[in-house]
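Residue numbers (the working numbering), protein chains in the order written: chain B, 824 to 1078; chain F, 1124 to 1374. See below for the structure under consideration.
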Amino acid sequence: MSGALQIFRNSDFWLRCVSAAALIALWQIAAAVAASPLLPGPAAVAAALINLVLHGRLLTDLGISLARVAASFVLAMAIGSAIGIVMGRSRRIDRLFDLWLILGLNLPALVIILLCYVWIGLGEAAAVTAVALNKVPTCAVILREGARSIDRELLQVAEVLHLSWWRRLRHVYLPQLYPYFMSATRAGLSLIWKIVLVVELVGRSNGVGFQLGVYFQFFDITNILAYTASFVAVVMAVEAFAIRPLEQSLTRWRA
Amino acid sequence: MNALEVSIARKAYRSERGELVAIEGLDFTVPEAQFACILGPSGCGKTTLLSIIAGLDRDYRGVVSRSGRNLGMVFQTPRLMPWLSARENVRLAIDPAPRAPGRAEAMLAEMQLEPFLDAFPRQLSGGQQRRVALARAFVNAPDLLLLDEPFLSLDAPTAQHLRELLLALWARRRPTILFVTHDLREALSLGDRVLFLTAGPARLALDLPLDLSRPRHPDDAAIETMRVRLLESHPDLLRGLTAGGVTESAA
């Protein structure tokens, strides 16, 4: 909680507020100039957002999408981290699977999504797998770098102290990998948010992505922007109130 | 009884440029509770020798046997975990199952670090970091303690203060100590015995028992006399060593 309070005391926070206000003002001016339902102003979008929260299914859709994001994120981080760490610690395994990783990084997200729906079926499992598979290579590459940079001298200390594997993991490996986990978390979430929407658009009948598709069919830009604003707000809240405080607590020894 | 028996036939490093022999035909024993100093010029294989004894390097021909199971080691740099406080760094060496509460704190108090229990390594001076490293090595009451030039690059008063702390800990606990240095005065002021190594590949060149009373100081007249005598009798052996930070010379 103290991390969250610090955000408000930080002068950078207020600078960002000014920046956001400037963006909204520009948007308002552009909407006034355009005077078209294809570019509604911030006030109209805010009104639509309130209406969707009170009378629509925005919160339900948001909850469903966030659950998919969470499941895919946990799956991708677990698999990607394991692969990355093993590849970073073993040169032979790295050489053996490096090509697979490059292939995974360059496969278009849409192809993976379509193949998962075809091979697994149009269900939750396929949706979560498709999102996770898109994220695994990125996470593996970041954690591979982390595992490569593990300090050999500190491992020698662990060896001399006869640390158990658990204490070695907790006190020697993980603290050196935390910055890479945080980097993978950030890169992963930013990717997963976007892919979840595509997955829902292509093959699900609920969630923010599906609803955006429905509004698109009616060219209902106001509701599209209202849904987008709610989703972006959640993403920024996760960054400000979960990821940043977590990062600060993990790296307090550097302060 | 011997705490340590070393018989290394050969230790070599292989690279694309060929083979570099670090140690060849090195045999010696260290009795229990002895303070033995290993002296040799930089790059002669002293650190390699300690790595082999500590079990960090197993790629060699020969036999190394230790009588005790408890080993402590202090490296050239303190090698503290930067994310752990001084207290947590020392606790890391203690087996968590039968952990005696307050053992790490007592050890740090003995090293005059009581006010810095919760300080992270980056908040400590170089000398304080080395004291934490010493505390970590001593907290498990090691049978054998390996020290690899532990006071390197410290200013002279700090290094001397740490030597005195080390001697006090040794006097109270009496572990067997193998202290690697390339400083002749340091070796003469600390050891019961000095083992001189040749300049790569490392072999035993001279095994010198020291019959000097304690406490000693590197600037004592007796140590200076012994140093001068050694310079006269073994000028080749002492080439490349330092004495109090100054390179030795037979001139």
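Backbone N, C-alpha and C define an ideal beta-carbon position, used for all residues, glycine too.
Which word fits residue i, buried or exposed, when buried means at least 16 other C-beta atoms lie within 10 angstroms of its C-beta?
{"i": "His1305 (chain F)", "result": "buried"}
{"i": "Tyr1003 (chain B)", "result": "buried"}
{"i": "Trp837 (chain B)", "result": "exposed"}
{"i": "Ile908 (chain B)", "result": "buried"}
{"i": "Arg1077 (chain B)", "result": "exposed"}
{"i": "His1340 (chain F)", "result": "exposed"}
{"i": "Asn833 (chain B)", "result": "exposed"}
{"i": "Thr883 (chain B)", "result": "exposed"}
{"i": "Thr952 (chain B)", "result": "buried"}
{"i": "Trp988 (chain B)", "result": "exposed"}
{"i": "Pro1219 (chain F)", "result": "exposed"}
{"i": "Glu1309 (chain F)", "result": "buried"}
{"i": "Leu846 (chain B)", "result": "exposed"}
{"i": "Ala1373 (chain F)", "result": "The predicted position of Ala1373 (chain F) is uncertain, since its pLDDT is 42 and thus under 50; no value can be drawn from it."}
{"i": "Ala899 (chain B)", "result": "buried"}
{"i": "Met1059 (chain B)", "result": "exposed"}
Please report whether the beta-carbon of residue i lies at a distance below 8 Å from any beta-carbon of chain B.
{"i": "Pro1280 (chain F)", "result": "no"}
{"i": "Arg1202 (chain F)", "result": "yes"}
{"i": "Phe1243 (chain F)", "result": "yes"}
{"i": "Glu1205 (chain F)", "result": "Checking the displayed sequence, the identity of residue 1205 (chain F) turns out to be Pro instead of Glu. So, interface residue."}
{"i": "Met1196 (chain F)", "result": "yes"}
{"i": "Leu1236 (chain F)", "result": "no"}
{"i": "Ala1126 (chain F)", "result": "no"}
{"i": "Leu1179 (chain F)", "result": "yes"}
{"i": "Ala1216 (chain F)", "result": "yes"}
Using the C-alpha atoms, what's the distance from residue j back to residue i?
{"i": "Arg891 (chain B)", "j": "Val941 (chain B)", "result": "19 Å"}
{"i": "Pro1298 (chain F)", "j": "Val1061 (chain B)", "result": "54 Å"}
{"i": "Pro1205 (chain F)", "j": "Leu1301 (chain F)", "result": "27 Å"}
{"i": "Val1019 (chain B)", "j": "Val868 (chain B)", "result": "23 Å"}
{"i": "Leu881 (chain B)", "j": "Ala1007 (chain B)", "result": "29 Å"}
{"i": "Glu1228 (chain F)", "j": "Phe1239 (chain F)", "result": "10 Å"}
{"i": "Ser1208 (chain F)", "j": "Pro1244 (chain F)", "result": "7 Å"}
{"i": "Ala848 (chain B)", "j": "Val841 (chain B)", "result": "10 Å"}
{"i": "Ala858 (chain B)", "j": "Phe1054 (chain B)", "result": "26 Å"}
{"i": "Asp1266 (chain F)", "j": "Arg1192 (chain F)", "result": "7 Å"}
{"i": "Ala932 (chain B)", "j": "Pro960 (chain B)", "result": "12 Å"}
{"i": "Glu1023 (chain B)", "j": "Ala1177 (chain F)", "result": "58 Å"}
{"i": "Leu861 (chain B)", "j": "Gly1036 (chain B)", "result": "16 Å"}
{"i": "Asn1263 (chain F)", "j": "Arg1133 (chain F)", "result": "32 Å"}
{"i": "Thr1348 (chain F)", "j": "Leu1307 (chain F)", "result": "12 Å"}
{"i": "Ile916 (chain B)", "j": "Ile925 (chain B)", "result": "14 Å"}
{"i": "Arg971 (chain B)", "j": "His1357 (chain F)", "result": "46 Å"}
{"i": "Leu1360 (chain F)", "j": "Gly969 (chain B)", "result": "45 Å"}
{"i": "Pro863 (chain B)", "j": "Trp923 (chain B)", "result": "45 Å"}
{"i": "Arg1184 (chain F)", "j": "Leu1149 (chain F)", "result": "11 Å"}
{"i": "Val1255 (chain F)", "j": "Ser1190 (chain F)", "result": "26 Å"}
{"i": "Trp1016 (chain B)", "j": "Asn1046 (chain B)", "result": "19 Å"}
{"i": "Val934 (chain B)", "j": "Leu1000 (chain B)", "result": "31 Å"}
{"i": "Arg1226 (chain F)", "j": "His994 (chain B)", "result": "19 Å"}
{"i": "Leu1073 (chain B)", "j": "Pro998 (chain B)", "result": "8 Å"}
Does the distance from the CB of residue i to the CB of residue j come in under 8 Å?
{"i": "Ala963 (chain B)", "j": "Met1005 (chain B)", "result": "no"}
{"i": "Ala871 (chain B)", "j": "Ala1049 (chain B)", "result": "yes"}
{"i": "Leu1318 (chain F)", "j": "Leu1327 (chain F)", "result": "yes"}
{"i": "Gly1314 (chain F)", "j": "Leu1277 (chain F)", "result": "no"}
{"i": "Gln1199 (chain F)", "j": "Glu1142 (chain F)", "result": "no"}
{"i": "Leu1203 (chain F)", "j": "Gln1252 (chain F)", "result": "yes"}
{"i": "Ser1188 (chain F)", "j": "Glu1128 (chain F)", "result": "yes"}
{"i": "Val1197 (chain F)", "j": "Leu1275 (chain F)", "result": "no"}
{"i": "Ser888 (chain B)", "j": "Gly1030 (chain B)", "result": "yes"}
{"i": "Pro1324 (chain F)", "j": "Ala1126 (chain F)", "result": "no"}
{"i": "Ala1216 (chain F)", "j": "Leu984 (chain B)", "result": "yes"}
{"i": "Pro1332 (chain F)", "j": "Arg1350 (chain F)", "result": "no"}
{"i": "Val1303 (chain F)", "j": "Ile1161 (chain F)", "result": "yes"}
{"i": "Ala955 (chain B)", "j": "Ser904 (chain B)", "result": "no"}
{"i": "Leu1329 (chain F)", "j": "Gly1168 (chain F)", "result": "no"}
{"i": "Leu1014 (chain B)", "j": "Lys958 (chain B)", "result": "yes"}
Is residue i close to chain F? Criterion is C-beta to C-beta, closer than 8 Å.
{"i": "Leu1000 (chain B)", "result": "no"}
{"i": "Gln1071 (chain B)", "result": "no"}
{"i": "Val1022 (chain B)", "result": "no"}
{"i": "His994 (chain B)", "result": "yes"}
{"i": "Trp1076 (chain B)", "result": "yes"}
{"i": "Val983 (chain B)", "result": "yes"}
{"i": "Glu976 (chain B)", "result": "yes"}
{"i": "Gln851 (chain B)", "result": "no"}
request  = Scan the segment 1236 to 1320 of chain F and note each continuous beta strand (DSSP E) run of 3 residues or more that stays entirely inside, going in chain order.
outcome  = Given a length threshold of 3 residues, each whole run of the beta strand (DSSP E) inside the segment 1236 to 1320 of chain F is given here in chain order: 1267 to 1271, 1299 to 1304 and 1316 to 1320.
message = List, from N- to C-terminal side, the alpha helix (DSSP H) runs of 4 residues or more that fit wholly inside the segment 1138 to 1222 of chain F.
response = Restricted to the segment 1138 to 1222 of chain F, the alpha helix (DSSP H) segments that are unbroken, complete and at least 4 residues in length are 1169 to 1177 and 1209 to 1214, listed in chain order.
inquiry  = So within the segment 1042 to 1076 of chain B, which uninterrupted alpha helix (DSSP H) runs reach at least 4 residues, ignoring any that extend past its ends?
reply    = Within the segment 1042 to 1076 of chain B, the complete alpha helix (DSSP H) runs of at least 4 residues are 1044 to 1061 and 1067 to 1073.
task = Note down, one range per segment and in chain order, each alpha helix (DSSP H) of at least 4 residues found wholly within the segment 878 to 924 of chain B.
result = DSSP runs (the alpha helix (DSSP H)) wholly in the segment 878 to 924 of chain B: 881 to 912.
ask   = Can you list, in chain order, the stretches of the alpha helix (DSSP H) that have 4 or more residues and sit fully within the segment 917 to 979 of chain B?
value = List check, alpha helix (DSSP H) in window: 932 to 943 and 947 to 971.
inquiry  = As an exercise, report each continuous alpha helix (DSSP H) stretch of at least 4 residues that is fully enclosed by the segment 987 to 1045 of chain B, in chain order.
reply    = Fully enclosed alpha helix (DSSP H) runs of 4 or longer: 988 to 991, 997 to 1026 and 1031 to 1040.
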